[in-house]
Amino acid sequence: MDTQRGRTNRRRFLLIAGLPLLTVGAGLTYLMWPEPPRRSEVRTDLEPLNRRLGPFLGELTDAHWLGYDIDDTGAGRSVPGPDSRIRVVGVARLPAGGAAAITGTPDHAFAAAGGAPTDLPDALRPYLPAAATWQHSPAFDAYANDRGSAAGQASDGIPTGRYLFDPARDLVHFDVLYLFT
Numbered sequence: 007m008d009t010q011r012g013r014t015n016r017r018r019f020l021l022i023a024g025l026p027l028l029t030v031g032a033g034l035t036y037l038m039w040p041e042p043p044r045r046s047e048v049r050t051d052l053e054p055l056n057r058r059l060g061p062f063l064g065e066l067t068d069a070h071w072l073g074y075d076i077d078d079t080g081a082g083r084s085v086p087g088p089d090s091r092i093r094v095v096g097v098a099r100l101p102a103g104g105a106a107a108i109t110g111t112p113d114h115a116f117a118a119a120g121g122a123p124t125d126l127p128d129a130l131r132p133y134l135p136a137a138a139t140w141q142h143s144p145a146f147d148a149y150a151n152d153r154g155s156a157a158g159q160a161s162d163g164i165p166t167g168r169y170l171f172d173p174a175r176d177l178v179h180f181d182v183l184y185l186f187t
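Numbering (our numbering), first residue to last: 7 to 187.
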């Protein structure tokens, strides 16, 4: 009988002491879990860009970019919706002569873009040269969006983007929206 009472007391102790410890551990894990980068944190890593944009732009270097969910209210963690729209926007350097090679393609009919890119996040403004002469082509945008859809995997989303090039500096400004359904 004493043996049975000892086991019951031990189980009761473990239940009473263990439950608060598990609760505290779960709470600390939640608080310490790293959050994704905020909209204002400029990224410089190249692998995600070269994987998505490299097949039709070439190897990108010296990139400054942001990637974020445009529907995120910034009110903390929430359950994601059935559709996500991720905006990838930034500027990167192309290989030497890369921008001139792309803008020189007659099929794309590039023309002057008429000034600096619009709707640019403030965190990226310091990385776009003020004297850049941007060129744009809706035909290249369509080509890049098709190539991005074909080259990507289903998990990479469906891209819709706009690309501006500065051939004198071998720069590309990209503003791409990926729809994940």
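Idealized CB from N, CA, C, for every residue including glycine.
Asked	Found
Any alpha helix (DSSP H) of 4 or more consecutive residues that is wholly inside the stretch 49-129	53-58, 60-63 and 104-109
C-alpha distance - Asn63 paired with Arg175, whole-angstrom precision	One detail in the question is off: residue 63 reads as Leu in this sequence, not Asn. So the two alpha carbons sit approximately 15 Å from each other.
Simplified DSSP state of Asp152, which is helix, strand or coil	helix
DSSP state of Asp176 mapped onto helix, strand, coil	coil
Cross-strand partners of Ile22 (DSSP beta bridge)	Looking at the DSSP assignment, Ile22 forms no beta bridge with any residue, so it has no partner.
Segment contact, 8 Å Cβ cut-off, at least three pairs: the stretch 122-140 with the stretch 164-180	yes
Nearest-angstrom Cβ-Cβ length linking Leu130 and Leu177, presumed shorter than 8 Å	Rounded, the Cβ-Cβ distance is 12 Å, inconsistent with contact.
Candidates Thr29, Arg49, Ile76 and Asp77: closest to Thr67 by CA position	Arg49
Distance, Pro101 Cα to Ala107 Cα	10 Å
Assigned secondary structure, Thr139 (DSSP; H/G/I helix, E/B strand, else coil)	coil
Spatial neighbours of His70 in its chain, beta-carbon cut-off 8 Å, leaving aside the 5 residues before and after	Val48, Arg49, Thr50, Gly96, Val97, Ala98, Leu130 and Tyr133
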